[in-house]
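Numbering (mature numbering (1 follows the signal peptide of the UniProt record, and there is no 0)), first residue to last: -16 to -1, 1 to 357.
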């Protein structure tokens, strides 16, 4: 891809985007990526750059992969460019974000990294220009109730750690411990933001699309990261609600990682169940889940937010919600019982048993599609 980016370097520079390429010392006709010596401090949505001030800036460079490239704008702010097909849902999603989101105000964070520009070419591809952020790091390094709450407030189909970023990064990959030292401190500030990236398997639908009635073919649900998927299409269903599916997938992500937070924030238990109940029609919508998260964490005192938590992911929470409900008080469980996921019925257990067999699943799928149920 380096040949490609070299060919488009002048075109991008004419539009105020300067690739971080420089001529090679041994062959000036060839270029390679380099680390910009200066990054201008900028407000959100631009991120904090961790610097190795006492070390030389000429070591191993972080090489962009596949359709990505690194750049700076005329104000020396670090950027990432992504090559995207113009007629793709991904491009439409970025266009929607660019038009509708006030991405210069941290208070309007919707949990996605918005583009700052979309540069269209005469061909069937365009360049998505975004602020450069950094990798999420290890989730188990979230060390307090407050850090977990801020993460949940910002990350509201393809839910996985590699598709999440934080507004703190380091360009000097020769010093991996540098970001490891800076990131924990950054997470404890009010300026930390987390975002989802990569809309490669996203859908861009009309704004008036119903969050509860819309359906898509069931095969689409098998894209993404299986570990967090719900069971909405596991029993031969013809179609599914992608909005409810996304909420359920994010809820599974939350309860696998944050189940040990329930003793300190018991309201997380009903949140987990209302996001992931197997009755998809009874799940919270994404706006409702975001409001629920805000209602949980906004009133918490500083002493609760500073409570240390040691995260240990546990996939058993997907099959046994009592792992987090049991950490709440009996009185709380009685008061919030309506939010608890109903137990599995004999009928659902039987269908689950049939669907677990390869032949049974094929028969079940054929029957449901034939009868359109």
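Each residue gets a CB set at the ideal place from its N, CA and C atoms; glycine is no exception.
| Query | Result |
| --- | --- |
| Delimiting residues of the beta strand (DSSP E) encompassing residue 148 | 148 to 150 |
| CA nearest to the CA of residue 304, picked from 240, 249, 222 | 240 |
| Bridge-paired residues (DSSP) for residue 179 | 149 |
| Residues bridged to residue 154 (per DSSP) | 34 |
| Contacts around residue 96, its chain only, beta-carbon distance under 6 Å, and the 5 residues preceding and following it disregarded | 179, 180 |
| Those residues which DSSP pairs with residue 119 across a bridge | 149 |
| CB of residue 206 within 8 Å of CB of residue 216, strictly | no |
| Unbroken beta strand (DSSP E) run spanning residue 343, endpoints | Here residue 343 belongs to no beta strand (DSSP E); instead the alpha helix (DSSP H) covers 342 to 355. |
| Through-space distance from residue 109 to residue 70, alpha-carbon basis | 5 Å |
| Three-way DSSP call (helix, strand, coil) for residue 233 in this model | helix |
| Cα-Cα separation between residue 310 and residue 301, rounded to whole angstroms | 12 Å |
| Close-in-space but distant-in-sequence residues of the same chain around residue 174 (CB under 7 Å, 5 per side omitted) | none |
| The region 256 to 265 contacting the region 325 to 335, beta-carbon criterion three pairs below 8 Å | yes |
| Per-residue DSSP class, three states only, for residue 65 | strand |
| Buried/exposed call for residue -12, threshold 16 Cβ in 10 Å | buried |
| Residue 133 to residue 30 span [Cα, whole Å] | 22 Å |
| The region 281 to 301 in contact with the region 124 to 138 per 3-pair CB rule at 8 Å | yes |
| Short Cβ contact (8 Å threshold) for residue 166 with residue 120 | no |
| CA nearest to the CA of residue -14, picked from 242, 13, 9, 101 | 13 |
| Alpha helix (DSSP H) runs contained entirely in the region 240 to 272, provided each spans 4 or more residues | 252 to 260 |
| Residue 254 to residue 273 span [Cα, whole Å] | 11 Å |
| Buried/exposed call for residue 113, threshold 16 Cβ in 10 Å | buried |
| For residue 156 and residue 352, believed in contact at Cβ under 8 Å, the rounded distance | Rounded, the Cβ-Cβ distance is 55 Å, inconsistent with contact. |
| Cβ pair residue 56, residue 21 closer than 8 Å | no |
| Reduced DSSP secondary structure (H/G/I, E/B, other) of residue 195 | coil |
| Candidates 235, 277, 267: closest to residue 251 by CA position | 277 |
| Separation of residue 244 from residue 125, as counted between CA atoms | 14 Å |
| Residue-level contact to chain B via CB, residue 122, 8 Å cutoff | Here chain B cannot be found, since the structure has a single protein chain. |
| Beta-carbon proximity check, residue 65 vs residue 77, cutoff 8 Å | no |
| Residue closest to residue 226, alpha-carbon to alpha-carbon, out of 99, 237, 194 | 194 |
| Check whether residue 177 and residue 28 have beta carbons under 8 Å apart | yes |
| Environment of residue 350 [buried if 16+ CB atoms lie within 10 Å] | exposed |
| DSSP state of residue 286 mapped onto helix, strand, coil | helix |
| Which of helix, strand or coil DSSP assigns to residue 206 | helix |
| Residue(s) in a DSSP beta bridge with residue 6 | 16 |
| C-alpha distance - residue 321 paired with residue 258, whole-angstrom precision | 11 Å |
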